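Novice:
2 protein chains.
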Amino acid sequence: MTTHVCLAARAFGAERAVICGERDPKLLAGVNGVGKRWGGGFRAAVGGDWRRELKKAKRDGFTLVHLTMYGIPFEKRLAGLRKKRKLAIVVGGSKVPGEAYGLADHNLAVTNQPHSEVAALAVFLNALRLRPKFAGARLRILPKEHGKRVINRENNMGKSST
Amino acid sequence: MTTHVCLAARAFGAERAVICGERDPKLLAGVNGVGKRWGGGFRAAVGGDWRRELKKAKRDGFTLVHLTMYGIPFEKRLAGLRKKRKLAIVVGGSKVPGEAYGLADHNLAVTNQPHSEVAALAVFLNALRLRPKFAGARLRILPKEHGKRVINRENNMGKSST
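Order-wise, the sequence lines are chains V and C.
For the first sequence, counting from 1, position 38 maps to 38 in our numbering; every step adds exactly one.
Count along the second sequence starting at 1, add 1000, and that's the number in our numbering.
1) Residues in its own chain within less than 8 Å of C:K1086 by CB, not counting five upstream and five downstream?
2) Would V:R131 and V:H106 qualify as a contact pair, given that the criterion is a beta-carbon distance under 9 Å?
3) Which one or two residues does DSSP pair with V:A45 in a beta bridge?
4) Between V:E154 and V:R138, how many whole angstroms is the CB-CB distance? I'm expecting something under 8 Å.
5) So with CB distances below 9 Å, who are the chain C contacts of V:I19?
6) Which runs of the alpha helix (DSSP H) spanning at least 4 residues fall entirely within the segment 78 to 106 of chain V, listed in chain order?
7) Within the 9 Å Cβ cut-off, does C:G1071 reach chain V?
8) Specify the secondary structure class of V:H146 as computed by DSSP and reduced to three states.
9) Of all Cβ atoms in chain C, is any one closer than 9 Å to the Cβ of V:L204?
10) Could you compute how far the alpha carbon of C:L1028 sits from the alpha carbon of C:Y1101?
11) Verify the CB distance criterion: does V:F134 have a CB-CB separation below 9 Å to chain C?
12) Quick check on C:L1028: does DSSP put it in helix, strand or coil?
13) For V:T111 and chain C, any beta-carbon pair shorter than 9 Å?
14) Taking only three categories from DSSP, how would you classify V:R108?
15) Let's test the definition: count the other Cβ atoms within 10 Å of the Cβ of C:L1142 and tell me whether it reaches 16, buried, or not, exposed.
16) With DSSP run on the structure shown, which of helix, strand or coil describes C:H1004?
17) So if I threshold CB-CB distances at 8 Å, which residues from the segment 6 to 32 of chain V count as touching chain C?
18) Since C:E1145 meets chain B, which of its residues come closer than 7 Å, beta carbon to beta carbon?
19) Do the CB positions of V:A109 and V:F134 come within less than 9 Å of each other?
20) Does the CB of C:K1086 have a neighbour CB from chain V at under 9 Å?
21) Using the beta-carbon count (16 or more within 10 Å), is C:K1095 buried or exposed?
22) C:G1035: buried (16+ other C-beta within 10 angstroms of its C-beta) or exposed?
23) Taking Cβ positions, are V:A17 and C:V1118 nearer each other than 9 Å?
24) Just curious, the alpha helix (DSSP H) that V:L128 is in, first and last residue?
25) In this structure, what does DSSP give as the bridge partners for V:T63?
26) Verify the CB distance criterion: does C:R1140 have a CB-CB separation below 9 Å to chain V?
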């Protein structure tokens, strides 16, 4: 699940992920390996205690957006948040402590229904329209109606399968 | 992951999920339990062989949309698909067989980057703007700036925590 959160963050334009409460070196290697092959500057790192990370982000000028099914519909805050230069988005599993709600500048819901932090993050980031470019990609997809086409810049060859 | 796919499908307006290749009774009970408590007509069921299910859906008049990073950007087909009354959306794990690409009416990408089938499904369904109502819900959230407020209709009491 954390891998999917990180990859969705990258695909929809986040610059970095800070993972608190999990220390799986394979997870980091996997996510950052995708970043290297598919381009762009996204990196995932393991953070310290989540409270400390949130407080540090606030000190560094980030607006903290916590995505939670209990919050205000995100659409109501979208226009204002699109103008922020530094956004930190907090997603957690099913049991986010009450303290996180207090530390967040905005507690926002992507639907007030139970679903998935991956889904919430993706829909929210997509709505921000960050339009990432993925510069320096070694692998790129050539979109196809049917089948798969990946361009590998390193060996200057396209690999297809249908 | 399959639980998240099902819950995201429900939250963004799908009417049912058919799960192929997995037979976990707890998964079904969990997802359908959420549906009962939180309202609406969504139901998840276990299907048979995925080829047979896709072919059956086609015979039943569904347009098959397969979400894959290798496809055409979904935004290009959105206007046409919003008009369809019967859409079946196919998502799979990392290894979807080539045959699925052939059976699908549309192979569509939610970004041409590697991320998550949960994210892709949520962003695509959200873009369809299905606006589900969740009729008959026992539990409803009263959106809050901070903290949690759930209304339980059965006992006519709101449960809050901050």
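Glycine included, every Cβ here is placed at the ideal spot set by N, Cα and C.
Since the structure is predicted, the reported quantities are computational estimates derived from the model, not experimental observations.
Specialist: On the basis of the data shown:
1) D1060, G1061, F1062 and T1063
2) no
3) V:V18
4) 5 Å
5) None at all; the shortest Cβ gap to chain C is about 16 Å.
6) 78 to 82 and 98 to 103
7) yes
8) coil
9) Residue 204 of chain V is absent from the model: chain V starts at 1 and stops at 162.
10) 27 Å
11) yes
12) helix
13) yes
14) Correcting the residue identity first, residue 108 of chain V is Leu in this sequence and not Arg. Correct three-state label for V:L108: strand.
15) exposed
16) helix
17) L7, A8, R10, A11 and F12
18) Looking at the structure shown, chain B is missing, and the protein chains on hand are V and C.
19) no
20) no
21) exposed
22) buried
23) no
24) E117 to L128
25) V:L87
26) yes
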